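Participant:
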Amino acid sequence: MRFIRLFSIFFTIRNTGIFNDLLPGFNPLFKTFFAVENSEKRFKASLENLGPVFIKLGQLLSTRTDLLPKKVTKELNLLTDSCAPIPFSEVKEIIQKELRSKSEIIFTKIESIPLASASLAQVHKIRLNNDVCVIKVQKPNLKHLVERDISALKLASKAMKLLLNSYPRIDPNTIIRDYESVINNELDFRIEAANAKKTFEKFVNNNYLYVPKIYDEYTRKRVLVMEYIDGIPITDLRALKRNKIHLQKLSENGVKIFLKQVFEDNFFHADMHPGNIFASKKTPDRPYYYAVDYAICGSVKESNQILLAQMISLLVERDFYSLSQLFIYAEWVDESTKPEELEAVLRSNCEPILDQPLSTILFGELLLNLFDAMKPFNLYLDNDLLLLVKTLIHIEGMGRQIYPDLDFWGIASPFLNNWFKERYSVKGLIKYLVSKKHILTYMIMKKIEETQEMYSNLNGEK
1 MRFIRLFSIF FTIRNTGIFN DLLPGFNPLF KTFFAVENSE KRFKASLENL GPVFIKLGQL
61 LSTRTDLLPK KVTKELNLLT DSCAPIPFSE VKEIIQKELR SKSEIIFTKI ESIPLASASL
121 AQVHKIRLNN DVCVIKVQKP NLKHLVERDI SALKLASKAM KLLLNSYPRI DPNTIIRDYE
181 SVINNELDFR IEAANAKKTF EKFVNNNYLY VPKIYDEYTR KRVLVMEYID GIPITDLRAL
241 KRNKIHLQKL SENGVKIFLK QVFEDNFFHA DMHPGNIFAS KKTPDRPYYY AVDYAICGSV
301 KESNQILLAQ MISLLVERDF YSLSQLFIYA EWVDESTKPE ELEAVLRSNC EPILDQPLST
361 ILFGELLLNL FDAMKPFNLY LDNDLLLLVK TLIHIEGMGR QIYPDLDFWG IASPFLNNWF
421 KERYSVKGLI KYLVSKKHIL TYMIMKKIEE TQEMYSNLNG EK
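Here the UniProt record's numbering is used: the first residue of the sequence shown is 1, the next is one more, and so on.
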């Protein structure tokens, strides 16, 4: 059964022509014998047709800017996740199994027609006491579907490892293992609830983002109850204008949310596509966002925070030699890479974009160009950075749709300058050391013990 499913998946994807771009040289098994137009669009459509596991896989692959061409990752970023709802009788059955005696409270005041339906779950409006809420209900048999398709993908990844010899630092087995972890997390709504509450705490004193309240007593592995929000879909420009939302402030606040989450909180919503983001109708002159679906969240290693901030600064300064040294030091490219060679490639790819006024440059687009240029040097990025780039592309893209003159650089530059000053001032360094006191104490004591042991051994030898 696994092999039959694998062959079905393989030929569906092969016929899109996606391997023509991905694999070099002549390869009649994986490559089509003729050129395929719009292979990236065909690839996206094939993933949607293969079902929920592959829709989610496509969303993960949209982050793999170190593996896939820019045109493919951009197309995969457009993957939609809406599909037909399951019958209400099945919804009630799942609620009953998960909530048991508490399900009766839900059943008395639940709307049978869903507000939305995606590949993994659907959402119904309910009333709890005097609160208007929604209940997110996982669709049935997903565990079986995920296990079946992950099993087939693991088998395929072994073959892909042999074929991707032009990408020696990228391991398909690791990609599938990471994906398995991501989708299993998405199937446990308790993880989403915990992420939402953590984000709520980070923004409790902030005017840019509101996180709907989670009702823990009605949240289980396959059902989640949260506050209902009456927001405007971020892509509905007519509704935004009709409600007199200040579009410039709204788009700029999106960038501020991104910068705060990445550099101050080190915890960011990593699935900020338009279906998960809404604008509040309240205070149109001081607009803010509602964000839902916290199943996928990311955090950035401290070293990558610094690298990202330095990269932005060096790009603005057009210091491509220092930028090439930074990428080599960070091991984003082969350690054998010569800075002069990488500098020349970075300059030729980025300078034409940077010749435009900074306020008109799409930073996400610039990063994609940067990564495409670095692929011949065996580009490899950590998962946290890949998620971050995808999030940035969504935030910046939505911001430009709302307000075409959004100046990402104008907002990011002063923020990063202040961040650097606070982080690397004497006060900032002391604060950092205090926050790490436990691990630093352990490391110091461990080193003392090792030194004493080495000294004892030397004396013993004498």
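The beta carbon of each residue, even a glycine, is placed where N, CA and C say it ideally should be.
Quantities reported herein were computed from a predicted structural model and do not represent experimental measurements.
Please report the distance separating the alpha-carbon of Leu142 from that of Leu187.
Facilitator: Distance between the alpha carbons of Leu142 and Leu187: 8 Å.
Participant: Buried or exposed for residue 463, please, with buried defined as at least 16 other CB atoms from any protein chain shown within 10 angstroms of its CB.
Facilitator: Only positions 1 to 462 of the chain appear in the structure, and residue 463 is not among them; the question remains open.
Participant: What residues in its chain sit with their C-beta under 8 Å from that of Ala84, if we drop five residues either side in the sequence?
Facilitator: So the qualifying residues of the chain are Ser117.
Participant: Could you have a look at Tyr294 and say whether DSSP puts it in helix, strand or coil?
Facilitator: If DSSP states are grouped into helix, strand and coil, Tyr294 belongs with coil.
Participant: Exposed or buried, which one is Gly399 when buried takes at least 16 other CB atoms within 10 Å?
Facilitator: It is buried - the Cβ of Gly399 has at least 16 other Cβ atoms within 10 Å.
Participant: What span of residues does the beta strand (DSSP E) with Gln122 cover, start to end?
Facilitator: Run containing Gln122: Ala121 to Leu128, per the beta strand (DSSP E) assignment.
Participant: Quick one: what does DSSP say Met398 is sitting in, helix, strand or coil?
Facilitator: Here Met398 sits in helix by DSSP.
Participant: Could you tell me which whole beta strand (DSSP E) segments of length 3 or greater appear in the stretch 250-278?
Facilitator: If we require 3 residues or more, the stretch 250-278 turns out to have no beta strand (DSSP E) run fully inside it.
Participant: Nearest to Val137 by alpha carbon, out of Lys221, Leu60, Glu75 and Phe54?
Facilitator: Of Lys221, Leu60, Glu75 and Phe54, the residue nearest in Cα terms is Lys221.
Participant: Using C-beta distances below 7 Å, list every residue in its chain close to Asn383, excluding the 5 sequence neighbours before and after it, in chain order.
Facilitator: Asp178, listed in sequence order.
Participant: Out of curiosity, what's the CA-to-CA distance linking Leu307 and Tyr228?
Facilitator: So the two alpha carbons sit approximately 39 Å from each other.
Participant: Please report how far the alpha carbon of Phe26 lies from the alpha carbon of Phe19, in whole angstroms.
Facilitator: Note that Phe26 has pLDDT 49, beneath the 50 cutoff, so the model's placement of it is unreliable and the number below is only indicative. Roughly 11 Å separates the two Cα atoms.
Participant: Keeping to the same chain, check which residues put their C-beta closer than 7 Å to that of Asp285; ignore five residues upstream and five downstream.
Facilitator: His246.
Participant: Between Leu370 and Leu326, what straight-line distance do the alpha-carbon atoms span, to the nearest angstrom?
Facilitator: Each residue's Cα considered, the two are about 13 Å apart.
Participant: Beta-carbon separation of Ser299 and Asn266 under 8 Å?
Facilitator: For Ser299 and Asn266, yes; Cβs fall inside 8 Å.
Participant: Please determine, among Tyr218, Glu302 and Asp230, the residue with the shortest C-alpha to C-alpha distance to Leu99.
Facilitator: Comparing Cα positions, the closest option is Tyr218.
Participant: Drop a sphere of 10 angstroms on the beta-carbon of Ile113, count the other beta-carbons inside from all chains shown, and report buried for 16 or more, exposed for fewer.
Facilitator: Per the 10 Å Cβ criterion, exposed.
Participant: Measure from the alpha carbon of Glu180 to the alpha carbon of each residue in Glu264, Ser103, Ser280 and Lys56, then state which is nearest.
Facilitator: Nearest option by C-alpha distance: Lys56.
Participant: For Val91 and Ala330, I'd like the C-alpha separation in whole angstroms.
Facilitator: Roughly 49 Å between the two C-alpha positions.
Participant: So the candidates are Val389, Glu340 and Phe377; which of them puts its Cα closest to the Cα of Phe363?
Facilitator: Taking only the C-alpha atoms, the option nearest Phe363 is Val389.
Participant: CA-CA distance, Ile9 and Asn15?
Facilitator: Approximately 10 Å between the Cα atoms of the pair.
Participant: Below 8 Å between beta carbons: does that hold for Thr63 and Leu368?
Facilitator: Against a cut-off of 8 Å, the Cβ pair of Leu368 and Thr63 comes out as no contact.
Participant: Starting from Gln138, trace the alpha helix (DSSP H) in both directions and tell me its first and last residue.
Facilitator: Note, Gln138: premise wrong, no alpha helix (DSSP H); beta strand (DSSP E) at Asp131 to Gln138.
Participant: Are there three or more Cβ pairs, one per stretch, closer than 8 Å when the stretch 249-257 is compared with the stretch 270-290?
Facilitator: In short, these stretches touch, since the Cβ pair count reaches three.
Participant: Compare the C-alpha of Asn173 against each of Leu379, Thr65, Leu153 and Ile94 and name the closest.
Facilitator: When each option's Cα is compared against that of Asn173, the closest is Leu153.
Participant: Name the residue from Glu351, Thr108, Thr391 and Ile411 whose alpha carbon lies nearest to the alpha carbon of Ser359.
Facilitator: Cα-wise, what sits closest to Ser359 is Ile411.
Participant: From the DSSP output, which residues share a beta bridge with Val345?
Facilitator: Val345 pairs with nothing; no bridge assigned.
Participant: Have a look at Ala239, Pro69, Cys350 and Ala45 and flag the residue whose alpha-carbon is nearest the alpha-carbon of Val316.
Facilitator: Checking every option, the nearest Cα to that of Val316 belongs to Cys350.
Participant: Does any CB atom of chain D fall closer than 8 Å to the CB of Arg127?
Facilitator: Structure shown: chain D not included; a single protein chain is present.
Participant: Leaving out five residues before and five after Lys213 in sequence, what residues of the same chain have Cβ atoms less than 8 Å from its Cβ?
Facilitator: Taken in chain order, the residues that qualify are Phe200, Met226 and Glu227.
Participant: With C-beta atoms as the reference, is Ala295 less than 8 Å away from Asn205?
Facilitator: The answer is no: Cβ separation not under 8 Å.
Participant: Can you tell me the Cα-Cα spacing of residue 464 and Ile135, whole angstroms?
Facilitator: Given a span of 1 to 462 for the chain in the structure shown, any question on residue 464 remains unanswerable.
Participant: So is Leu115 buried or exposed if we call it buried at 16+ other beta carbons inside 10 Å?
Facilitator: Label assigned to Leu115: exposed.
Participant: Within 10 Å of its beta-carbon, does Lys44 have 16 or more other beta-carbons around it, so buried, or fewer, so exposed?
Facilitator: By the 10 Å Cβ count, Lys44 comes out buried.
Participant: Is the distance from the Cβ of Asn378 to the Cβ of Asp405 below 8 Å?
Facilitator: Going by C-beta atoms, Asn378 is not nearer than 8 Å to Asp405.
Participant: If you run the structure through DSSP and keep just helix, strand and coil, what is Leu187?
Facilitator: The answer is coil: DSSP assigns Leu187 none of H, G, I, E or B.
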